[in-house]
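One structure is given below, encoded as structure tokens.
There are 2 protein chains.
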Amino acid sequence: MKDKLTIIKVGGKIVEEPQSLNALLNDFAAIDGFKLLVHGGGRSATAMASQLGIETKMVDGRRITDAEMLRVVTMVYGGLVNKTIVARLQALGVDALGMTGADMNIILSKRREVKTVDYGFVGDVEKVNAQALASLLRAGIVPVIAPLTHDGLGSLLNTNADTMAGETAKGLASIFDVHLVYCFEKAGVLRDENDDNTVVGEITRQSYASLREEGIVTGGMIPKLDNAFDAIDAGVAEVIITKASALDNLSAGTHIK
Amino acid sequence: MKDKLTIIKVGGKIVEEPQSLNALLNDFAAIDGFKLLVHGGGRSATAMASQLGIETKMVDGRRITDAEMLRVVTMVYGGLVNKTIVARLQALGVDALGMTGADMNIILSKRREVKTVDYGFVGDVEKVNAQALASLLRAGIVPVIAPLTHDGLGSLLNTNADTMAGETAKGLASIFDVHLVYCFEKAGVLRDENDDNTVVGEITRQSYASLREEGIVTGGMIPKLDNAFDAIDAGVAEVIITKASALDNLSAGTHIK
Chain A
40 MKDKLTIIKV GGKIVEEPQS LNALLNDFAA IDGFKLLVHG GGRSATAMAS
90 QLGIETKMVD GRRITDAEML RVVTMVYGGL VNKTIVARLQ ALGVDALGMT
140 GADMNIILSK RREVKTVDYG FVGDVEKVNA QALASLLRAG IVPVIAPLTH
190 DGLGSLLNTN ADTMAGETAK GLASIFDVHL VYCFEKAGVL RDENDDNTVV
240 GEITRQSYAS LREEGIVTGG MIPKLDNAFD AIDAGVAEVI ITKASALDNL
290 SAGTHIK
Chain B
40 MKDKLTIIKV GGKIVEEPQS LNALLNDFAA IDGFKLLVHG GGRSATAMAS
90 QLGIETKMVD GRRITDAEML RVVTMVYGGL VNKTIVARLQ ALGVDALGMT
140 GADMNIILSK RREVKTVDYG FVGDVEKVNA QALASLLRAG IVPVIAPLTH
190 DGLGSLLNTN ADTMAGETAK GLASIFDVHL VYCFEKAGVL RDENDDNTVV
240 GEITRQSYAS LREEGIVTGG MIPKLDNAFD AIDAGVAEVI ITKASALDNL
290 SAGTHIK
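Residue numbers (the working numbering), protein chains in the order written: chain A, 40 to 296; chain B, 40 to 296.
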């Protein structure tokens, strides 16, 4: 039987506010067994860019990352957000190690080709070095991963944190029994989007089709669930969509299997 | 017999200019055996602070680090400078891992007490986790260390890179045959400070006393050499003071034994 590994993805909003960050890290520290954290930081990057007089340009929710913006996200994601989390986790007794995809070459990506949009220094994940991550985990180390990868040619690349968490989960699925948790602003997939008490507890391939027909799963939730099922197909045990404040009870939220 | 470990300390000026950085990293990549890099980044931090409208205050060459400045150095040292180096080294086939003292708790420090000056979030090294560093090195990983430590209570602390390199060397001296190399703007300790061809090739405790009497070692070089002899006393095999551009030939420079 494979050992359980919990991968938590948490977005910028949670990690950028001291109060919600502290609550999150306390819950994360309390998770038993092997674990790994992937974080965002987009709001801080936008705020820092603005302070530096650099305009943030987004296309379909993705940041255009020119050379100047790459410097900003490298500072904010790889430095400020990542190392703040690491220092806090160490104080909570978690032997955290902050990493980007370049560190120990854990996540190699390819700069996105220019089709209609030039996203600049943005990477699509090509390869996860599961052995390197597994050896850290086995040594009792808890990787804390910032949303940056590298191209193997010397350049860092801005990379979507949701995708990094998903690819990391898939890459580690042959070694561990991987439970991938996406922290979200709502309690999970909701039957009534304004009511956190209407969480759909479990979604399978079969029920997913009917939830779409019923109009319960719509819009931005569709790509999230498509990605979740891709992870399941690649051997991930389950994908959980839940509220960051509910990490102390992972039986809540929506479980995709 | 212990394995050789080369620890290179390189200052901000070298790592902040693309050309000198590339030359340095090529030379670093070519060093055989176990190795570790400690870098600075003060000039970039000062420039970034200035862009953000934050005034840099120095006392005796040390940066006063209030909460705002701590954010800047965390971004610049831990993010921008560190991760840029890591991505470049990966492209050169070096399995680099960027770290601060908080990562894997490798360097714990104590916030400097306020005597006449309040340096703010500045740390003095208390403990180097030599076992953690040794296990990374034995696994073929090359630590790249930014000048930040932590207090174990959740806070990062700005820490002098020369001191971090020295303390890391001392900490690892019981495990490895440590050669500690300080890159400097000159070719070593010079008999004529304006002539790089007058390097004093070797300094021992005995010759150090006469070099001071002769007035060859003066000013800022005295604390550097005092620290070097402290490292030797703690078991470091030798301390080398040389030019960053001379890393391809470590037999040059001043060897302190």
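Ideal Cβ positions, reconstructed from N, Cα and C, are used throughout, including at glycine.
When DSSP assignments are scanned along the stretch 257 to 289 of chain B, the uninterrupted stretches of beta strand (DSSP E) that are 3 or more residues long and fall wholly within it turn out to be 277 to 282. Judged by DSSP secondary structure, I53 (chain A) falls outside any beta strand (DSSP E) and instead within the alpha helix (DSSP H) spanning 51 to 55.
Within chain A, A141, D142 have C-beta atoms less than 7 Å from the C-beta of V125 (chain B), given in sequence order. For the stretch 246 to 275 of chain B, the beta-carbon criterion of a distance under 9 Å to any beta-carbon of chain A is satisfied by none of its residues.
Chain B places a beta carbon closer than 8 Å to that of L195 (chain A), counting this residue as a contact.
Burial is judged here by how many other beta carbons sit within 10 angstroms of a residue's own beta carbon; S290 (chain B) has fewer than 16 and is exposed.
For the stretch 161 to 187 of chain A, the beta-carbon criterion of a distance under 8 Å to any beta-carbon of chain B is satisfied by S174, A178, I180, L187.
Looking only at B:D142, B:K149, B:P186, the smallest Cα-Cα distance to A171 (chain B) is reached by B:D142. Here F215 (chain B) carries a coil assignment [DSSP, helix/strand/coil]. DSSP places K149 (chain B) inside the beta strand (DSSP E), whose first and last residues are 146 to 150.
For D234 (chain B), not one C-beta of chain A is nearer than 8 Å to its own C-beta.
Between K48 (chain B) and M97 (chain A), the alpha-carbon positions lie close to 40 Å from each other.
Here F215 (chain B) is not near K52 (chain B), since their CB atoms are 8 Å or more apart. Within 9 Å of the CB of Q90 (chain B), the CB atoms of chain A belong to Q90, L91, G92, in sequence order along the chain.
Contact with chain B is found for Q129 (chain A), since one of that chain's Cβ atoms lies less than 8 Å from the residue's Cβ. Beyond the five residues adjoining it in sequence on each side, G210 (chain A) comes within less than 6 Å, by CB distance, of V167, A169 in the same chain, given in chain order. Chain order gives the chain A residues near R110 (chain B) as L119, where near means a beta carbon separation below 8 Å. Nearest CB-CB separation between D216 (chain A) and chain B: not below the 8 Å threshold. Close partners of H189 (chain B) in chain A (Cβ separation under 7 Å): A126, Q129. Interface residue (Cβ-Cβ distance to chain B less than 8 Å): G132 (chain A) is not classified as such. Residue pairing from DSSP leaves D201 (chain A) without any beta-bridge partner.
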